[in-house]
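**Q** Got a structure here, written out as structure tokens. Questions coming.
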Amino acid sequence: MSRVRVPVPPTPIPSETILKAIRGTSKVLTKNDFKCCLLGSAACLFYGLGKRASNEVDVVVLKCTNDKAKLEQVLLNSGEGFPLFRPR
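Just so we're aligned: the sequence shown equals residues 13 to 100 in my numbering.
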């Protein structure tokens, strides 16, 4: 499992922005043969289980047969504007 850290804004992000990020992330990962699942409050929003305030999108890449470097390159080269930071 790979972990990519993204900065968390101090206030909740509008729902429309979260949904756009979810769609973009899913599209990029699926197109590049990564299987993933959505977690947390963003998942609740996406699946219509409430409108909990969210300021991030939590995604787990499952059974990653590709290495972390490839995952990072896929996200960086996608044109979706994913910022990447080293995990703590």
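Using N, Cα and C, we set each Cβ at its ideal position, and we do this for glycine too.
To the nearest angstrom, how far is the alpha carbon of Leu74 from that of Gly36?
**A** Their Cα atoms are separated by approximately 17 Å.
**Q** When we look at the beta-carbon of Val71 and count the other beta-carbons within 10 Å, is it buried (16 or more) or exposed?
**A** Counting Cβ neighbours within 10 Å, Val71 comes out buried, since at least 16 surround it.
**Q** Does DSSP put Leu51 in a helix, in a strand, or in coil?
**A** Three-state result, Leu51: strand.
**Q** Can you name, in chain order, every residue of its own chain whose Cβ lies under 6 Å from the Cβ of Phe46, other than the five neighbours on each side?
**A** Within the same chain, Phe46 has close Cβ partners Val73.
**Q** Counting along the chain, where does the alpha helix (DSSP H) carrying Leu61 start and finish?
**A** Counting along the chain, Leu61 falls outside any alpha helix (DSSP H), and DSSP gives it neither H nor E.
**Q** Whose C-alpha, out of Glu68, Leu83 and Leu87, is nearest the C-alpha of Thr23?
**A** The shortest C-alpha separation from Thr23 is found at Glu68.
**Q** With a threshold of 16 other CB atoms inside 10 Å of the CB of Ala81, please say whether the residue is buried or exposed.
**A** Result: exposed.
**Q** Can you name the residues that DSSP bridges to Asp70?
**A** Beta-bridge pairing links Asp70 to Leu51.
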